[in-house]
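Which chain is which? The protein sequence lines are E and H, in order. Taking my numbering, the leading residue of the first sequence gets 1, the next gets one more, and so forth. Taking my numbering, the leading residue of the second sequence gets 1, the next gets one more, and so forth. Heads up, the thing below is written out as structure tokens.
Protein chains: 2
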Amino acid sequence: MRISALAAEAGLPVATVKFYLREGLLHAGTATSATQAAYDESHLRRLRLVRALLGPVGLSVQQAHAVLQLVDDPGDDLYATLGRAVSALPPAAAERGDASDPFPRARAALAALGQVYDPDFPAVAQLEGALAAAESAGMPISAERLAHYGRALSDVAEFDLARMPDEPHAAVEYTVLGTALYEPVLTALRRLAHQDAAVRRLRGAG
Amino acid sequence: MRISALAAEAGLPVATVKFYLREGLLHAGTATSATQAAYDESHLRRLRLVRALLGPVGLSVQQAHAVLQLVDDPGDDLYATLGRAVSALPPAAAERGDASDPFPRARAALAALGQVYDPDFPAVAQLEGALAAAESAGMPISAERLAHYGRALSDVAEFDLARMPDEPHAAVEYTVLGTALYEPVLTALRRLAHQDAAVRRLRGAG
DNA sequence: ATGATTGGATAGTGTTACTCTCCAATATTA
DNA sequence: TAATATTGGAGAGTAACACTATCCAATCAT
């Protein structure tokens, strides 16, 4: 398969495929001569993944590159790799404040939930940022709400973890792509559940 | 309070505050002369909200404008206003396909969950887009997983709905800002719950 | 043999979210 | 009151981003 066929199958302009090659989002084809290379199914699959990450998931090219690199070759330390990979995904995290207690809101929240607090895990900074944003926007999150949310999402996490593959490479792919691809599903489902509940409530009232 | 004081309190350059005024994200101050205007607490609160929407929540200026306009004056139809407001938030939705069945994946998913399917509600298109992205990236979402996620988020929705104010204006503000500000909290909590579950699992194994 | 296509490089485009500069009118300070 | 600073408003400029277009000599297809 040459580049024009690849681009056509993926539904992209050739120029865009070349751009992804240059940016390292897509591995090069096998050269068959000085001015020709062959592409296969793996390139097509990768292109579809790239499009999903750049489009619906909303990653930048840089973020997608970071994520794909970790999926392609995860290091020895599975735990650290997962942390790094997930930190490449939006939303943006808070900067760490006071050195002795960099993420006070997140620390308190996790303590209340009875969960591990590790300031080096990037999602902690994300939680801090999200809590701080809600607070500064005048809609702070109550402990009660946090507890409720935490319970619901622990439930989701248990489900996901139970289905995580054992083999490290597959585990990283599952975790990273699962986070990137399934989070939008979760937010859409939340909104729809809201709508559903609202409709039932209006019906009951009307 | 003049513009320089307002900007200083909000921690923003004066030029940026002027930019928000131009873009309609911030209401004008009350003019005290041809070249002076006074700003008050309401402007400061609004600036904090705008920063939260543009920063951690990740809205574009356009999206933030749309959201704020609906919060500022919601129409008569509460249900339609909420739909419109939430549709202004990311992630991007799928385009509707075949006219007779524009969102097949979302329709099937909602049927399985026993929830209302209304193709005009924008979150349906978001769900379709997210499901399609996962599928085309090679990680389709099983019915089992969807059911599990749906249950967990219905739980979240029930909690939120029970706390929704009765007065229409307040209800729109609660729903829209709640969605914008609390969704990042939910995704952060999901990631942390994963980490927590993973740590416990590694500990158990090691 | 001849026209089209390729990989590779470089430059250009449209969008977004600011940021800078300028202005005459007004405030503040000396 | 004179000198200096700041204001609201408008327009142009900028940096990052994700492509997109153009060009080239080498090669392929017919």
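C-beta: ideal position from N, C-alpha, C; glycine also. Just so you know, these numbers come straight off a predicted model, no measurement behind them.
### Query
How about residue 181 (chain H) and residue 127 (chain E): are their beta carbons less than 9 Å apart?
no
### Entirely enclosed alpha helix (DSSP H) segments - the region 135–198 of chain H, minimum 4 residues
143–162
### Task
Would you give the residue range spanned by the alpha helix (DSSP H) that residue 62 (chain H) belongs to?
61–72
### Query
Quick one: what does DSSP say residue 94 (chain E) is sitting in, helix, strand or coil?
coil
### Under 9 Å by beta carbon: chain H residues contacting residue 179 (chain E)
187, 190, 191, 194
### Task
Rank E:172, E:190, E:148, E:140 by C-alpha distance to the C-alpha of residue 75 (chain E) and give the top, closest one.
E:172
### Task
Show which residues of chain H have a CB atom less than 9 Å away from the CB atom of residue 210 (chain E).
With chain E running from 1 to 206 in the structure shown, residue 210 (chain E) is simply not present.
### Message
Assuming residue 42 (chain E) is part of the beta strand (DSSP E), what are its boundary residues?
### Response
Premise fails: residue 42 (chain E) lies in the alpha helix (DSSP H), 41–54, not in any beta strand (DSSP E).
### Message
Is any non-hydrogen atom of the ligand SAH found closer than 8 Å to the C-beta of residue 199 (chain H), if you look at the structure I gave you?
### Response
Questions concerning the ligand SAH fall outside what the structure shown contains, since it holds no ligand whatsoever.
### Query
How many angstroms separate the CA atom of residue 79 (chain E) from the CA atom of residue 86 (chain E)?
11 Å
### Task
Using three-state DSSP, classify residue 212 (chain E) as helix, strand or coil.
Chain E is shown only over 1 to 206; residue 212 (chain E) falls outside these bounds and no answer can be derived.
### Message
Quick check on residue 276 (chain H) - is its C-beta less than 9 Å from some C-beta in chain E?
### Response
Because chain H spans 1 through 206 in this model, residue 276 (chain H) falls outside it and cannot be assessed.
### Message
Please state the DSSP three-state secondary structure of residue 100 (chain H).
### Response
coil
### Query
Hey, residue 90 (chain E) and residue 94 (chain H): beta-carbon distance below 9 Å or not?
no
### Query
Does any CB atom of chain E fall closer than 9 Å to the CB of residue 184 (chain H)?
yes
### Length of the line joining the Cα atoms of residue 206 (chain H) and residue 200 (chain H)
Any reading at residue 206 (chain H) is ruled out, since the residue's pLDDT is 49, under 50, leaving its predicted position unreliable.
### Message
Among E:24, E:197, E:10, whose alpha-carbon lies nearest the alpha-carbon of residue 113 (chain H)?
### Response
E:197
### Message
For a cutoff of 9 Å on Cβ pairs, would you count residue 115 (chain E) as touching chain H?
### Response
yes
### Rounded C-alpha distance that separates residue 96 (chain H) from residue 106 (chain H)
11 Å
#### Entry: Contact set between the region 149–169 of chain H and chain E, restricted to residues whose Cβ is under 7 Å from the partner
149, 150, 152, 153, 154, 155, 156, 157, 158, 159, 160, 161
### Message
Is it the case that the region 15–25 of chain H contacts the region 60–77 of chain H, given that we only count it when at least three CB pairs across the two stretches are under 8 Å?
### Response
yes
#### Entry: Cβ-based neighbour list, residue 14 (chain E), same chain, cut-off 8 Å, excluding 5 preceding and 5 following
3, 4, 7
### Query
Count the other CB atoms within 10 Å of the CB of residue 211 (chain E); is the residue buried (16 or more) or exposed (fewer)?
Nothing in the structure corresponds to residue 211 (chain E), since chain E is present only between 1 and 206.
### Task
Could you check how far apart the C-beta atoms of residue 139 (chain E) and residue 178 (chain H) are, in whole angstroms? I think they sit under 8 Å.
7 Å
### Query
Are residue 190 (chain H) and residue 157 (chain E) touching if we call contact CB-CB under 9 Å?
yes
### Message
I'd like the span of the beta strand (DSSP E) that includes residue 32 (chain H), first residue to last.
### Response
30–33
### Query
Going along chain H, which residues have a C-beta under 7 Å from residue 129 (chain E)?
56
### Task
List the DSSP bridge partners of residue 38 (chain E).
E:30
### Task
Find the residues of chain E that neighbour residue 121 (chain H), judging by a C-beta separation of less than 8 Å, and give them in chain order.
192, 195
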